[in-house]
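Note that my numbering numbers the sequence shown so that position 223 is 223, with each residue one more than the last. By construction, the Cβ of each residue, glycine as well, lies at the ideal position given by its N, Cα and C atoms. These figures come from a predicted structure and were not determined experimentally. Shown next, in structure tokens, is the structure this report addresses.
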Amino acid sequence: MKSWKKFLAVGAACSSLFFAHAEAAYMLNEEVANPPAALQMATQIGVLSYKNPALDSYRDKDAIVVLSFGTTFKDQRTKSIDATAKAIQAAHPNAKVVTAFTSHIVLKHIMENEGKCDYMTPEQTLDQLKREGYTRIALVSLDVIPGMEYKYDVALFHEYKTQFKAMSLGTPLMYWQGQEDQPDDVMQVMQSLHLPAYKKGTAILLMAHGTPDPSNAYYSVMQEKLRAMKRNDVHIYTVEGWPRLEDWAGKLKMHKVEKIILMPLMMVAGDHANNDMAGDEDDSHKVILEKMGFKVEAKLQGLGESKRIRDIFVERANEAWDALVK
């Protein structure tokens with residue numbers, strides 16, 4: 001017997017205990033009587049939202065906080081992160097939209113190297129919004145997968161949710177995989193990349209970040225979706241996870257690939273793309289592949305530079321907004 005079932009509305013037991021719930025979530029089978037709080041918490045997936053009954057009489061004053069790791073590359077902040085935040089603002093003209101960087105190191109670097117920083121940490125941003133009287137906050141993630149950075153967003157949601165009348169947290173770019181009648185975010189994104197078709201003998205290597213978190217498995221799901229799209233010439237590798245560059249390089253050599261197109265599968269074409277992937281140092285991916293005899297072309301464009309991808313992030317923001325105001 002299945003112990004879980006699809007949940008489309010807030011369960012009475014869950015809401016009476018004031019736990020966050022998900023828009024597309026799961027709840028325990030109704031045969032499970034009086035489930036403990038930890039068991040209810042385990043069902044909280046998808047878009048999270050919380051309504052604080054103690055602040056229900058407060059007037060609505062709305063803000064959207066766009067959460068990004070950030071980048072030290074100023075042009076990429078403009079073309080990818082800021083452009084996405086502006087698209088979200090255009091979709092929600094009556095809400096204040098502010099961007100916060102989850103990387104404290106990036107914020108420190110910007111201040112030291114540019115003399116000023118127009119961004120704050122998520123904690124500083126939420127504290128300021130509270131001082132300014134904002135009562136309903138939608139958190140929007142610019143993460144690509146629900147990895148360690150997204151866990152920071154989730155922890156932030158749970159830490160601050162009781163300080164506002166309402167709070168929600170949207171999902172990252174790729175979350176659902178088409179399971180249990182959920183949308184297939186991964187396929188949506190893979191199709192939105194609109195990867196060019198090259199002649200036989202050319203392969204595309206998409207460089208993702210990678211993570212020690214089990215969510216690293218998302219890259220295998222992406223690879224499977226590409227296979228389903230009949231794009232056997234496109235392969236995903238990571239800088240700090242699995243698979244690595246060496247996991248593909250030898251295989252491509254064996255299959256008589258002559259040219260490789262390197263592209264980042266990251267929100268911004270920042271340090272990893274410019275240095276690890278396309279740099280001129282001996283340990284850059286471009287140089288390593290050239291030494292193996294491949295012709296290599298690097299394309300430096302972050303995901304956030306694509307309108308198609310920005311439109312998907314707007315969809316994610318809309319989902320968080322709907323959960324906030326319903």
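Item	Value
Report yes if the C-beta distance between K165 and Y58 is below 7 angstroms; otherwise report no.	yes
In whole angstroms, what is the alpha-carbon distance linking F313 and L107?	23 angstroms
Thinking C-beta only, is T99 closer than 7 angstroms to V66?	yes
Assign E328 to buried or exposed, taking buried as 16 or more other Cβ atoms, counted over all protein chains shown, within 10 Å of its Cβ.	Because the chain here runs from 1 to 326, residue 328 falls outside it and cannot be looked at.
Please classify F101: does DSSP put it in a helix, a strand, or coil?	strand
Run through the DSSP bridge pairs and tell me what D62 is partnered with.	R136
Look up L67 in the DSSP assignment and give the residues it is bridged to.	A100, S141
Using the C-alpha atoms, what's the distance from P93 back to R308?	20 angstroms
With burial defined as no fewer than 16 other Cβ atoms inside 10 Å of the residue's Cβ, what is the status of S16: buried or exposed?	Low confidence applies here, because S16 scores a pLDDT of 32, under 50, leaving its location unreliable; read the following figure in that light. Under this definition S16 is an exposed residue.
Roughly how many angstroms lie between the CA atoms of A155 and F294, to the nearest whole one?	44 angstroms
Out of curiosity, what's the CA-to-CA distance linking S284 and S220?	23 angstroms
Check whether the segment 132 to 146 and the segment 160 to 178 touch, using three or more Cβ-Cβ pairs below 8 angstroms as the test.	yes
Check for me: the beta strand (DSSP E) holding E149 runs from which residue to which?	Premise fails: E149 lies in the alpha helix (DSSP H), 148 to 160, not in any beta strand (DSSP E).
Considering just the uninterrupted stretch of the alpha helix (DSSP H) at A249, what are its terminal residues?	245 to 254
Please state whether the Cβ-Cβ distance between A87 and R316 is less than 7 angstroms.	no
Mapping the DSSP letters down to three states, classify I288 as helix, strand or coil.	helix
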